[in-house]
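Beneath this line is the structure, given in structure tokens, with notes to follow.
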Amino acid sequence: MNDMLYILLGATISAIIAIPLGIFIGFRYRKRVAEAEIGSAEAQARKILEDAIRAADTKKKEVLLEAKEEILASKNELENEIRDRRAELTRQEHRMVQKEESLDRKTEALERKEELLSAKIKEAEDNAAATAKILAEQTATLERISGFTAQEAKQALLNEFAEQITHEKAQKLAELETVFKESADEKSRNIIALAIQRNAADVVAETTVSSVPLQNEEMKGRIIGREGRNIRTIEQMTGVDLIIDDTPETITVSCFDPYRRDIARLALEKLLLDGRIHPTRIEEMVEKARKEVDAQVKAAGERATFETGIHGINPDLVRLLGRLKYRTSYGQNVLAHSIEVSILAGLLADELGVDSAEPRRAGLLHDIGKALTQEQEGSHVMLGVEVARKYHESPAIIHAIEAHHDDVEPQTITAMIVHAADAISAARPGARRENLENYIKRLQKLEEITTAFPGVERAFAIQAGREIRIMVKPEEVSDDDMILLSHDIARKIESELEYPGQIKVNIIRESRAVEYAK
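In terms of numbering that gives the first Met the number 0, the sequence shown opens at residue 0 and continues consecutively.
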């Protein structure tokens with residue numbers, strides 16, 4: 000047992016001693032191996048470094064060689080460029096020298112020309128002085144021979160030329176008028192005559208009164224009413240005057256407004272049929288009559304569009320057309336006039352070979368503003384343009400409305416046709432009536448315009464103002480001046496006077512010698 004212990008103890012001690020010894024031996028061994036590896040690595044590193052140094056030296060030499068080659072090439076290129084530029088400069092210098100020589104030659108030539116020109120100028124001045132001297136001598140000789148000074152002779156020549164020009168101008172104007180009249184007047188006269196012949200219109204017979212027949216004379220008293228209350232109510236409600244006189248079984252309704260007069264007439268007829276005449280019933284009948292007349296207004300507008308064959312007009316515009324039935328101009332019914340203008344415009348367009356739809360539409364609407372003149376301020380042309388623009392009529396229609404009284408210059412064939420058709424409808428025989436006072440004022444104004452011209456001795460308006468006969472002073476107005484004077488007077492009449500149709504300007508020049516035998 001003890002031996003086993005000793006053996007185990009010895010083995011343990013041996014193991015204890017062997018472990019440190021093994022560790023020491025292993026450490027030494029690893030140290031030698033590491034030193035050997037480090038030495039090998041250092042040697043390898045030195046070799047790599049040497050190889051890198053050799054490679055760097057080789058690369059450096061190659062780069063230096065390439066740089067030298069590039070420098071040499073750049074140097075050669077620069078030398079070539081310098082050589083080329085020197086050659087170019089040499090050529091330019093040569094050209095400059097040639098130009099300088101040419102400029103010197105031209106300068107010398109110019110100097111010679113200037114000397115020659117100076118000599119010629121001096122010669123011309125000498126000649127001009129000599130010519131002026133000769134001209135002065137000739138002028139003095141002519142003045143002495145003729146007995147006129149130079150200014151007097153000049154004025155005499157100017158007067159003679161002015162007379163010749165005036166004569167030639169008058170002759171040319173007369174020739175042009177003859178040519179135009181031979182062609183334009185005949186053609187336009189034929190067109191207008193054909194248009195008028197194809198349209199049959201009534202003679203105006205418009206009045207300001209309407210008559211209402213009565214069943215018997217007793218109805219007059221009932222219409223007047225107690226203390227005149229019935230007749231007073233009718234007049235206040237309708238704005239008319241009721242004339243009850245000795246005319247048997249008739250009451251006269253008087254009013255300048257046909258619309259109000261028609262309402263009063265219808266209301267009276269309804270009251271006479273009903274038999275109950277008192278203020279309350281009068282108000283009811285007047286209101287019914289007003290609605291009936293408004294319906295007639297609409298029907299009249301629709302009938303006008305149907306007669307003229309025009310479609311697509313705004314209903315409000317059609318109603319305004321119907322109101323023209325109750326408007327008159329110089330006794331001519333405006334709606335009838337508008338229908339007539341529309342038909343005439345269509346006929347004129349047909350004769351001229353253009354589309355008649357637009358002229359007929361513009362002719363029907365040309366006086367539409369007259370339906371508003373009693374309600375709004377402004378001329379019927381201005382109001383017509385506004386209402387046509389409001390209801391989206393075409394620009395051609397609006398322009399024709401605006402130009403039919405020369406408020407603007409007509410620019411389209413439609414405007415010219417409507418202008419002519421309106422003049423034909425207004426100026427044809429029987430179309431309009433003119434009150435005596437306005438007629439006399441127009442004739443007086445016509446004579447005043449004419450006598451205001453210099454050289455006019457007397458003037459007479461004849462043939463109902465269709466002709467103005469003028470007597471001129473023969474010592475102040477020559478035959479040539481008569482033609483120019485007639486044109487000036489016609490233009491003055493056109494610009495200052497309004498009249499239907501046309502006015503003939505007839506100038507008479509005569510010389511008389513009077514002597515008495517004693």
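A virtual CB, placed ideally from N, CA and C, is assigned to each residue, including glycine. Predicted model, so just to flag it, every value in this text is computed and none were measured.
For the set Arg289, Glu124, Ile164, Asp125, the Cα lying nearest the Cα of Arg260 is the one of Arg289. DSSP places Ala458 in the uninterrupted beta strand (DSSP E) bounded by 455 to 461. Beyond the five residues adjoining it in sequence on each side, Lys444 comes within less than 8 Å, by CB distance, of Glu495, Leu496 in the same chain, given in chain order. A residue is called buried when at least 16 other Cβ atoms come within 10 angstroms of its Cβ; Tyr28 does not meet this threshold and is exposed. Looking at the DSSP output, Pro212 sits in a beta bridge with Thr249. The DSSP-derived three-state label of Thr327 is strand. DSSP, read as helix, strand or coil, puts Ile482 in helix. Contact fails between the region 295 to 314 and the region 278 to 285, because fewer than three Cβ pairs, one in each stretch, are under 8 Å apart. In the structure shown, Asn505 adopts extended strand secondary structure according to DSSP, grouped into three states.
In this structure, the alpha-carbon of Gln154 lies about 28 Å from that of His486.
When only Cα atoms are considered, Glu61 and Leu48 end up about 20 Å apart.
Looking only at Ser328, Ala131, Glu493, the smallest Cα-Cα distance to Ala425 is reached by Ser328.
Less than 8 Å separates the beta-carbon of Ile250 from that of Ile243. Here Leu241 carries a strand assignment [DSSP, helix/strand/coil]. Secondary structure at Glu466: strand, using DSSP grouped into helix, strand and coil. Within the region 5 to 86, no alpha helix (DSSP H) run of at least 4 residues lies entirely inside it. Distance between Ile467 and Phe459, taken at the CA atoms: about 6 Å. Between the alpha carbons of Ile37 and Lys46 lies a gap of roughly 14 Å. Of all alpha-carbon atoms in Asn229, Leu364, Glu475, the one lying nearest the alpha-carbon of Ser341 is that of Leu364.
Taking C-beta separations shorter than 7 Å and ignoring five residues to either side along the sequence, the partners of Asp406 in its chain run Val380, following chain order. When beta bridges are read from the DSSP output, Asn332 appears opposite Thr327. Scanning its chain for C-beta atoms nearer than 8 Å, with the 5 sequence neighbours on each side dropped, one finds no residue around Glu376.
The region 292 to 301 and the region 217 to 235 do not touch, with fewer than three beta-carbon pairs separated by less than 8 Å.
Between the region 391 to 405 and the region 413 to 424, the count of Cβ pairs shorter than 8 Å is three or higher; the stretches touch. Across the set Ala419, Asp479, Ile488, the C-alpha of Ile488 shows the shortest separation from the C-alpha of Ile448. In the displayed model, Val471 falls within a strand according to three-state DSSP. The distance from the Cβ of Leu320 to that of Ile262 is about 19 Å, inconsistent with a contact at the 8 Å cut-off. Sorting Ile222, Arg264, Lys168 by C-alpha distance to the C-alpha of Val211 places Arg264 at the top.
When rounded, the separation of the alpha-carbon atoms in Leu141 and Ala127 is 20 Å. Distances from the CA of Ala387 to each of Arg441, Asp480, Thr450, Asp315 were compared; the closest alpha carbon is that of Asp315. Where Thr148 is concerned, there is no enclosing alpha helix (DSSP H), because DSSP gives it neither an H nor an E. Gly464 places its beta carbon 8 Å or farther from that of Ile506. Under the DSSP assignment, Ile400 falls in the alpha helix (DSSP H) whose first and last residues are 394 to 402. Annotation: Phe23 to Thr11 spans about 19 Å, alpha carbon to alpha carbon. By alpha-carbon distance to Glu392, the top candidate from Glu80, Ile312, Glu99 is Ile312. CA-to-CA, the gap between Ile18 and Ala33 works out to about 22 Å.
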